[in-house]
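S.K.: In order, the protein sequences belong to chains D, H and C.
Numbering-wise (this note's numbering), the first sequence opens with residue 10 and increments by one.
Numbering-wise (this note's numbering), the second sequence opens with residue 167 and increments by one.
Numbering-wise (this note's numbering), the third sequence opens with residue 33 and increments by one.
Note that CB positions come from ideal geometry on N, CA and C, so glycine has one too.
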Amino acid sequence: MIFYALLFAYVCIALSLLLALWRLIKGPNTIDRVLALDTMIINGIGLIVIYGVSTGSKTYFESALIIAMLGFVSTVAYARFILRGNIIE
Amino acid sequence: MILDILIAAALVIGSVFTLVGSYGLVKLDRCMARLHAPTKASTLGVGALLIASVLHFFATEDGSLHEILILAFLFVTAPLTAHFLAKSHIHWNTEEGRLPDPPEGETWAVQAPAESPLEDGDSTKRLI
Amino acid sequence: MIRRLLPHPYLTALLTAVWMVLHNSLSLGAFVVGLILGLLIPVFTAAYWPKRPALKKPLRILEYVGILLWDILVANMVVAATILFKSNANIRSTWVAIPLDIRTPEAITALASTITLTPGTVSADLSSEGSTLLVHCLDAEDPDEVRDQIKQRYERRLKEIFE
Chain D
10 MIFYALLFAY VCIALSLLLA LWRLIKGPNT IDRVLALDTM IINGIGLIVI
60 YGVSTGSKTY FESALIIAML GFVSTVAYAR FILRGNIIE
Chain H
167 MILDILIAAA LVIGSVFTLV GSYGLVKLDR CMARLHAPTK ASTLGVGALL
217 IASVLHFFAT EDGSLHEILI LAFLFVTAPL TAHFLAKSHI HWNTEEGRLP
267 DPPEGETWAV QAPAESPLED GDSTKRLI
Chain C
33 MIRRLLPHPY LTALLTAVWM VLHNSLSLGA FVVGLILGLL IPVFTAAYWP
83 KRPALKKPLR ILEYVGILLW DILVANMVVA ATILFKSNAN IRSTWVAIPL
133 DIRTPEAITA LASTITLTPG TVSADLSSEG STLLVHCLDA EDPDEVRDQI
183 KQRYERRLKE IFE
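Listed below in structure tokens is the structure:
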């Protein structure tokens, strides 16, 4: 049963990555693009987590943690750059 | 067996909410409304997936607690990114200029007079 | 003296817990290393945050977190239904200004984070003196009701915890 649930989760997350990618390509302005990138990072964390479940390995959680941290920092840097024109004042 | 059902349910719930979040990102037509979509994906979506992972490792091996750290980190950082993006949205978009009035003698912080010399220059206007 | 050696007791506890979770074990060794880090880091960084956040009733945080998790669950369902079954024309998104009774920065940060974490509302801005919070609602029948609910449900409890 977990096998089918994992399959379903893979399909759903792949679809949501594609939808976010569509918003990233189309997005009317820069804020939408940053938002789409942020969503893709969160979906990527979910993908790594279910890959860890399906392989039964704990090795991947460090990468998920690092992606979460880098994603936060990069999103804030982008938003800061859009807002102020520079990142560190 | 019960644990299996719980893990499968958490996986399905998490992935469905992640998908609904991304669908909202595509479907909604106003930028400010779109900001609401990722908060859903990052709270219940990834949250349920991480809970599934915790349960799975407690069922098969001696347990793992990393996921709680990722969850706590996401819960702390998601509001900050949303707040920053909302601020830049208010700053740049004049079409949604119908903000409620700020209280007497104050302005909204993002509309306060600029301190940075780059602020009112044209150097960043072409970004949008 | 104890204030010099232990400037931020909550930070020490948090750092120890984070180290043990990172190490992924509840062993004594992880606890000791985490405790050493948790004692050293606040001492070396104390110059950057001189003031200690005041918590009047720390145990009420547990109740608050429970309410918050339940609200996240409920609001997720509501917003998912809104996104899936309502057309764009029917979604009435509005801005709401929430006058604040709480004054300490920690309490305002906690309230703003809470508002953003519950789907359907995003805190967008603070007024320049910090007396009003600007919130965007995805789908609100009545803006006043949203404001009253936030003030009743979250702000009152945060005021008890922090002030």
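Buried or exposed for Ala-77/D, going by 16 or more other Cβ atoms inside 10 Å?
M.R.: What you label residue 77/D is simply residue 68 of the first sequence in a count that begins at 1. With 16 or more Cβ atoms within 10 Å of its Cβ, Ala-77/D is classed as buried.
S.K.: Anything in chain D within Cβ reach of Arg-200/H, meaning under 7 Å, just list it in chain order.
M.R.: Residue 200/H sits at position 34 when you count from the first residue of the second sequence. Ordered by position in chain D, the residues that pass the 7 Å Cβ test against Arg-200/H are Asp-41 and Leu-44.
S.K.: Counting pairs of beta carbons, one from the region 178 to 195 of chain H and one from the region 26 to 35 of chain D, are three or more of them closer than 8 Å?
M.R.: yes
S.K.: Quick test of the definition: if touching needs 3 or more C-beta pairs under 8 Å, does the region 229 to 246 of chain H touch the region 132 to 140 of chain C?
M.R.: no
S.K.: CB Ile-104/C to CB Thr-150/C, shorter than 8 Å?
M.R.: Sequence index remark: in the third sequence, residue 104/C carries index 72 (1-based). Sequence index remark: in the third sequence, residue 150/C carries index 118 (1-based). Yes, these two residues count as a Cβ contact at 8 Å.
S.K.: Quick check on Gly-180/H - is its C-beta less than 8 Å from some C-beta in chain C?
M.R.: The residue given as residue 180/H occupies position 14 in the second sequence. So no, Gly-180/H is outside the interface.
S.K.: Determine the chain C residues that contact Trp-258/H at a beta-carbon separation under 7 Å, and present them in chain order.
M.R.: For this step, residue 258/H is matched to residue 92 along the second sequence. Near Trp-258/H there are no residues of chain C at all, since even the closest Cβ is about 13 Å away, more than 7 Å.
S.K.: Determine the burial state of Phe-117/C: buried for a count of at least 16 other Cβ atoms within 10 Å of its Cβ, exposed for fewer.
M.R.: For the purposes of this step, residue 117/C is taken as residue 85 along the third sequence, with counting starting at 1. Exposed.
S.K.: By how many angstroms is the C-alpha of Thr-184/H removed from the C-alpha of Gly-55/D?
M.R.: For this step, residue 55/D is matched to residue 46 along the first sequence. For this step, residue 184/H is matched to residue 18 along the second sequence. Whole-angstrom Cα-Cα distance: 9 Å.
S.K.: So, is Phe-76/C buried or exposed, given that buried needs 16 or more other C-beta atoms within 10 angstroms?
M.R.: For this step, residue 76/C is matched to residue 44 along the third sequence. Exposed: under 16 other Cβ atoms inside 10 Å.
S.K.: Taking buried to mean at least 16 other C-beta atoms within 10 Å of its own C-beta, is Ser-25/D buried or exposed?
M.R.: For the purposes of this step, residue 25/D is identified with residue 16 of the first sequence, where counting begins at 1. Under this definition Ser-25/D is a buried residue.
S.K.: Secondary structure at Leu-69/C, three-state DSSP: helix, strand or coil?
M.R.: Translated into the one-based positions of the third sequence, residue 69/C becomes position 37. Here Leu-69/C sits in helix by DSSP.
S.K.: So what does His-168/C bridge to, in DSSP terms?
M.R.: The sequence position of residue 168/C within the third sequence is 136, counting from 1. Paired residues: Trp-127/C and Val-154/C.
S.K.: Look at the alpha carbon of Asp-133/C and the alpha carbon of Leu-166/C, and state the distance between them as a whole number of angstroms.
M.R.: Here residue 133/C is taken as the residue at index 101 of the third sequence, counted from 1. Here residue 166/C is taken as the residue at index 134 of the third sequence, counted from 1. Straight-line Cα distance between these residues: approximately 14 Å.
S.K.: If you reduce the DSSP assignment to three classes, tell me which class Ser-181/H lands in.
M.R.: Numbered from its first residue, the second sequence carries residue 181/H at position 15. Here Ser-181/H sits in helix by DSSP.
S.K.: Could you check whether Lys-253/H and Ala-156/C sit closer than 8 Å to each other, using their CB atoms as the reference points?
M.R.: Within the third sequence, numbered from 1, the residue matching residue 156/C stands at position 124. Within the second sequence, numbered from 1, the residue matching residue 253/H stands at position 87. A contact, by the Cβ cut-off of 8 Å.
S.K.: Beta carbons nearer than 7 Å to chain H: which residues of the region 158 to 175 of chain C have them?
M.R.: Leu-158, Ser-159, Ser-160, Glu-161, Ser-163, Thr-164, Leu-166, His-168 and Leu-170
S.K.: Looking at the C-beta of Gly-55/D, does it have a partner C-beta in chain H at a distance below 8 Å?
M.R.: Along the first sequence, read from residue 1 onward, the residue named residue 55/D stands at position 46. So, interface residue.
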